[in-house]
Structure formats: C-alpha cells, structure tokens
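Position 505 of the sequence shown, counting from 1, maps to 505 under the UniProt record's numbering, and the rest follow consecutively.
Remarks on the structure that follows.
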Amino acid sequence: MNGRTNPHSTAKQPLDIVVIGGGINGAGIAAEAATRGSKVAIFDAADFASATSSASSKLIHGGLRYLEHYEFRLVSEALAEREVLLQKAPHLAFPMRFRLPHRPFLRPAWMIRAGLFLYDTLGKRPITGREESALAASQRVNLSDTGLFKPEIKIGFEYSDCWVDDARLVLANLQTARSHQAIVNNYSRVERAVREQGLWKVTVHNQRSNRKETYYCKSLVNAAGPWVKQFYDHGLESPSPRNIRLIQGSHIVVPKIHDNDEAYILQNKDGRIVFVIPYLGKYSMIGTTDQEYHGEPREVTITDGEVDYLIDVVNQHFVHDVQKSDVVWTFSGVRPLCDDESDSPQAITRDYTLELEQELDEAPLLSIFGGKLTTYRKLSQAAIEKLTPYLPNIQAAKESTLPLFGGDMEANLHDFMLQLEVMYPFIDKDQLHRYARQYGSQVHQLLEGIKSLEQLGTHFGASLFQHEIDFLMNTEWAHHTDDIIWRRTKVGLELSQEQIRAIDDYVSQQHQKLSYLV
Numbered sequence: 001m002n003g004r005t006n007p008h009s010t011a012k013q014p015l016d017i018v019v020i021g022g023g024i025n026g027a028g029i030a031a032e033a034a035t036r037g038s039k040v041a042i043f044d045a046a047d048f049a050s051a052t053s054s055a056s057s058k059l060i061h062g063g064l065r066y067l068e069h070y071e072f073r074l075v076s077e078a079l080a081e082r083e084v085l086l087q088k089a090p091h092l093a094f095p096m097r098f099r100l101p102h103r104p105f106l107r108p109a110w111m112i113r114a115g116l117f118l119y120d121t122l123g124k125r126p127i128t129g130r131e132e133s134a135l136a137a138s139q140r141v142n143l144s145d146t147g148l149f150k151p152e153i154k155i156g157f158e159y160s161d162c163w164v165d166d167a168r169l170v171l172a173n174l175q176t177a178r179s180h181q182a183i184v185n186n187y188s189r190v191e192r193a194v195r196e197q198g199l200w201k202v203t204v205h206n207q208r209s210n211r212k213e214t215y216y217c218k219s220l221v222n223a224a225g226p227w228v229k230q231f232y233d234h235g236l237e238s239p240s241p242r243n244i245r246l247i248q249g250s251h252i253v254v255p256k257i258h259d260n261d262e263a264y265i266l267q268n269k270d271g272r273i274v275f276v277i278p279y280l281g282k283y284s285m286i287g288t289t290d291q292e293y294h295g296e297p298r299e300v301t302i303t304d305g306e307v308d309y310l311i312d313v314v315n316q317h318f319v320h321d322v323q324k325s326d327v328v329w330t331f332s333g334v335r336p337l338c339d340d341e342s343d344s345p346q347a348i349t350r351d352y353t354l355e356l357e358q359e360l361d362e363a364p365l366l367s368i369f370g371g372k373l374t375t376y377r378k379l380s381q382a383a384i385e386k387l388t389p390y391l392p393n394i395q396a397a398k399e400s401t402l403p404l405f406g407g408d409m410e411a412n413l414h415d416f417m418l419q420l421e422v423m424y425p426f427i428d429k430d431q432l433h434r435y436a437r438q439y440g441s442q443v444h445q446l447l448e449g450i451k452s453l454e455q456l457g458t459h460f461g462a463s464l465f466q467h468e469i470d471f472l473m474n475t476e477w478a479h480h481t482d483d484i485i486w487r488r489t490k491v492g493l494e495l496s497q498e499q500i501r502a503i504d505d506y507v508s509q510q511h512q513k514l515s516y517l518v
C-alpha cells in the first residue's frame, strides 16, 4: 500500500478542521465550517449516511413524547429547526399531518391536549422572520367514520410535523461543503490521529485508491456516531471522556395499510409510541423499536421479536391486520446516545453533548455524543462555536435559511415539478417527480443536454437509467450498487434481484473505466 501526503494539507499549510464521520452530524459540521470560510476535510470509513443517518424514521419533528420526559429545551429547539429545514431544503422536507388515536387507559385526553397545546405554543415562536409556524395547529378529530380503526377507537388528535429524506439531507450538506472547497471522501477510514507540533496528523486509508494519505489540521472533530468511542480506543489510543449507549431502532415496510396522506402515531401499553408513515406512495413504514444493542453497529439487523412487536402495535389499532408475510423490507440502525444512566432505552435523552479536549498549546479535539436528526444544524453551529477560538479566520455564521445544495429551486416543489413536466415531456411524470424530490434544483444538471428518453441510456428498472447512475457515481460519491439504490435513490424496493445484478455489473464496468484517485 502506497502512502502520500495530501497536497492540500501539509504541516506548513494545514487544514482548519478534519471531521471523522459522514453521518448527519459530521456532514452538518463540515457544511457549517466550510460555508464560514474554513478549510475542511471530512472522511467516512464506508458510504456517507450508511449507518444511523439512513435508518431513522425520516422525521423532522419536535418529539412530542419528549415532553413527558420534561425535555422542553430539546423540543423547543427541534421545533424551531423544523421550520428552518423546510426553507433550507424544500425538496427534501415537507409538512405531514399526524393522527394520534386516543386510548383512554394509556393517556387521558386532557394530558394529550395539554401536550399538544404546549407543542403548538413552542412551535409558534418567531422563527426565520415569520411570526408563527408555517404548519397547521393541532386539533381533535373523529376517527370512528374513517373505517380504519377498531370499534373502540373513536376519536383522536391531529398535529403537524415534517417528513425528510434523511440520507439525502446528509448528501445535501456534503455537497454544500464541497461547493465551498471542502475535501469530501467516503470509503476513507481514519486509522490514526496524533498531535504533532501543535497540529493533528491524521492518517487516512483511502479504500478506493488503496493508498494511505496524511492530512494535517488545526482541529479534529470526532463525529463517528456509533463508533465515537471506538475511535478513542483505536484511532487516538486514549480513553473516551463519556460513555454511550447504543439503542437499536428497527422499522418494517409493508404495502400501505391506508390511502390517506396522514401518518399515525400509535400508543402502546409499554408507554412507547410507534409511527405508521406513508412511504414512497405505495407503502407504510412502521417503527421504531427501542432496545439495547451490544454488537458491531454495522451488523445490526431486525429481530423476530421486533417484527412481532411492531405488527402487534399496529394490529391493536387498525381493522386491517398486518401479517409477517406482508413485510417487504426491514431496516435497522443504532442510535449512539450519551449515557445518562436512565433505566430504560426510551428514557435516555436524545439531546447532544459536545466534549472539547484541549490543553496548553495542543490542537483541540471535539467529540460529538448523542443528538438527533432534527437538531443536527444547531449541533453543528454549537460545534463550530466551540472551535472558533482556534480558528481565527472563521467568518460569521450565515443566514439560517441559506438553502442547502439543491434547495434553491425557482418555485415551490409542486410548481417546480410542473415546470419539469413541460421541459421534459418525454420522461415519465413519476420519474420527474422523484428527480425533483431528490435533487431539487440540481435536476437541471442531471438532465443537461438530454433531449430524448434514449439519451438516458439503459433502463435498469424502477425509473433508474444508466445516465442517472453515471451522474451519481461522478457527482455524489456513489461507489457501490447499495449506495445508489438505497441511499441516493430509494428505488431498491422496486427492483428484482436480476435487475440489481445488472446494476452491479454496470457499476463494476464503470470502475474499470474511471479513476477514483482523490
């Protein structure tokens, strides 16, 4: 294996920040630093968003249930961020109404009404120049005439939150960072980091070129998520200042169990809640679970007990029973939560902790423990503020509503889709709508010069054409088939095994043609 010092980072010309971990927190920190003029590099040992950040419930929400644990600051901050992200990434995030069927023996109606009143109140603070939230307020609803629920479920409560494409939110932050000259590499494992003459010397194994590279930086950020403590053990060879608890969360996906646009939030006897969320137009996504996990984070898989648990909660509520045979896909992830010694997984705080280590003239190390998808931007801002004393040339923070990459569409999403239909009448409308939701304004780059369907090349199935695969490999760091069909697009559910093998073959052929030296 060859070694080299990266020409963009030497001891005489170091980077400002190296970020370890390309999940939502690492990507957000890289984007925040790069847009403020810092010289940044970010590395992930596998694909970006390939762990926790693509295994979420895909919600941008305040966290209604966190009110029961008195986490008012976390909920308030999350509700504010909900509004910001609707403006920063209008192609990736959109409002969704949630219905909570009332089961009096679990939580009395007055408690739910009080919680929703507080939720609405916290969400109506002046945000991003608006006097009130852009989302509709909560209300009581009649469920007895919907035909969806068991006879004993007659009323419910409805409120607003937001859905988001979690993996593409990570990519949008990384693309934002790259557009401000950041070095952005996946399949690049940070093997070791040592302090040397007031800097960090970082050794990276670039798995795509099979080379070891050396980077020098003024500050190091450990945003390795589930591996944050492991990096202390193996990359830094020092003890972690905090413990984390890995909490497994699993989801099942079934053919849609109702035709409404609303999501449902179901209460269970154990005090937990389970979401039933419309997914990709054809499916219902059901989750999540909460249980301790003690294995390797990348090997987490759903258990039979989790499948049974989720199906049981749904079948307690809906007339239409879900069977195990209905499950078309499952996914699991582990949430790396800061250990607060709570007795149960669901009681552990979802808040984040930033641990800064710096002594005398040593280069600082900032480690990220915990956090949730919704508040990644606030976490990123707080992280950079902690490092600001060591970054004398850093610029002031940008406007909170500055669009993420792809978010600067010339119209709202609906009108943008209509514009695309006029511009590209030879492409199927559903395919164009998928492009709009995934790429936003970057659809124009994807389809630049395309005048006919034939120019999209081989059709591999499920609206995935050769041209889009090339685009993803050339511009979005896609290296393997899974990177393409599960994270950058969500077409994997619609592809047969034969079609996936054909994509594998094509991707392998492209690797033989293209150089991935970075």
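By construction, the Cβ of each residue, glycine as well, lies at the ideal position given by its N, Cα and C atoms.
According to the neighbour-count rule (16 or more other Cβ atoms, all chains shown, within 10 Å of its Cβ), is residue i buried or exposed?
i: E131; result: Confidence is the limiting factor: at E131 the pLDDT is only 46, short of 50, which leaves the residue's position unreliable and the question unanswerable from this model.
i: K150; result: exposed
i: L360; result: exposed
i: M285; result: buried
i: S508; result: exposed
i: K58; result: buried
i: H61; result: buried
i: K451; result: exposed
i: P297; result: buried
i: A80; result: buried
i: E237; result: exposed
i: L85; result: buried
i: Q497; result: exposed
i: P104; result: exposed
i: P239; result: exposed
i: S9; result: buried
i: A436; result: buried
i: M96; result: buried
i: Y282; result: Checking the displayed sequence, the identity of residue 282 turns out to be Lys instead of Tyr. K282 is exposed by the Cβ-count criterion.
i: H91; result: buried
i: R113; result: exposed
i: P126; result: Only weak support exists for where P126 lies, its pLDDT of 42 falling under 50; the coordinates are left without a value.
i: A41; result: buried
i: Y215; result: buried
i: V18; result: buried
Between which two residues does the beta strand (DSSP E) holding residue i run?
i: L493; result: Segment: none, L493 is in no beta strand (DSSP E) and carries neither H nor E.
i: L100; result: A93 to P101
i: Y187; result: Here Y187 belongs to no beta strand (DSSP E), and DSSP marks it neither H nor E.
i: H444; result: No beta strand (DSSP E) holds H444; the alpha helix (DSSP H) holding it covers V443 to L446.
i: R140; result: Q139 to N142
i: R245; result: I244 to P255
Got a sec? Which residues, its chain only, sit under 6 Å from residue i by beta carbon, not counting five neighbours each side?
i: E191; result: T203 and H205
i: D233; result: none
i: D321; result: N315
i: Q442; result: G406
i: Q207; result: Y187
i: P241; result: E355
i: G156; result: R99, L100, P101, H102, V141 and L143
i: R36; result: I394 and Q395
Tell me which residues share the same chain as residue i and place their Cβ nearer than 7 Å to its Cβ, disregarding the 5 neighbours each side in the sequence.
i: R434; result: S463
i: H317; result: P101, F149, K150, I153 and L266
i: G129; result: Annotation note: pLDDT 45 at G129 (below 50); position unreliable, coordinate value reported separately. Hits under 7 Å: none found.
i: P403; result: K88
i: D120; result: A137 and S138
i: H300; result: Sequence check: residue 300 is Val here, not His. Excluding residues within five positions, the ones whose Cβ falls inside 7 Å are Q248, Y293, S332, G333 and V334.
i: A182; result: A30, A34, V40, A41 and I42
If I follow the unbroken alpha helix (DSSP H) through residue i, where does it start and stop?
i: T214; result: Note, T214: premise wrong, no alpha helix (DSSP H); beta strand (DSSP E) at R211 to N222.
i: F231; result: V228 to F231
i: H414; result: L413 to M423
i: F471; result: Q466 to T475
i: T121; result: A109 to L122
i: N206; result: That residue, N206, is in no alpha helix (DSSP H); its beta strand (DSSP E) goes L199 to N206.
i: D430; result: K429 to Y439
Is there a Cβ of chain D sitting closer than 8 Å to that of residue i, yes or no?
i: K12; result: Note that chain D does not occur in the displayed structure, where there is just one protein chain.
State yes or no: is the C-beta of residue i nearer than 7 Å to some heavy atom of the ligand FMN?
i: V327; result: The model on display carries no ligand, and the ligand FMN is accordingly not part of it.
Give every residue of the same chain whose Cβ lies closer than 8 Å to the Cβ of residue i, excluding the five residues on either side of it in the sequence, and list them in chain order.
i: residue 588; result: Because the chain spans 1 through 518 in this model, residue 588 falls outside it and cannot be assessed.
i: V319; result: G147, L148, F149 and K150
Query raised in the report: With a cut-off of 8 Å, do at least 3 Cβ pairs link the segment 370-384 to the segment 29-41?
Result: yes
**Report entry** Cβ contact check for the segment 41-61 and the segment 478-492: 3 or more pairs under 8 Å
**Finding:** yes
Query raised in the report: Taking only runs of the beta strand (DSSP E) that begin and end inside the segment 26-87, which ones reach a length of at least 3 residues, in chain order?
Result: 40-43
Query raised in the report: Hey, is the segment 414-432 in contact with the segment 386-397, meaning 3+ C-beta pairs nearer than 8 Å?
Result: no
Report task. Any chance you could list the beta strand (DSSP E) runs of at least 3 consecutive residues sitting entirely within the segment 265-330, in chain order? Result -> 273-279 and 283-287
Query raised in the report: Any chance the segment 492-500 sits against the segment 167-174, with 3 or more Cβ pairs inside 8 Å?
Result: no
**Report entry** Three-pair Cβ contact test at 8 Å for the segment 13-23 versus the segment 218-226
**Finding:** yes
Query raised in the report: How about the segment 319-334 and the segment 259-273: do they share at least three Cβ pairs that are nearer than 8 Å?
Result: no
Query raised in the report: Counting only runs that start and end within the segment 325-390, where is the alpha helix (DSSP H) found for 4 or more residues in a row?
Result: 376-387
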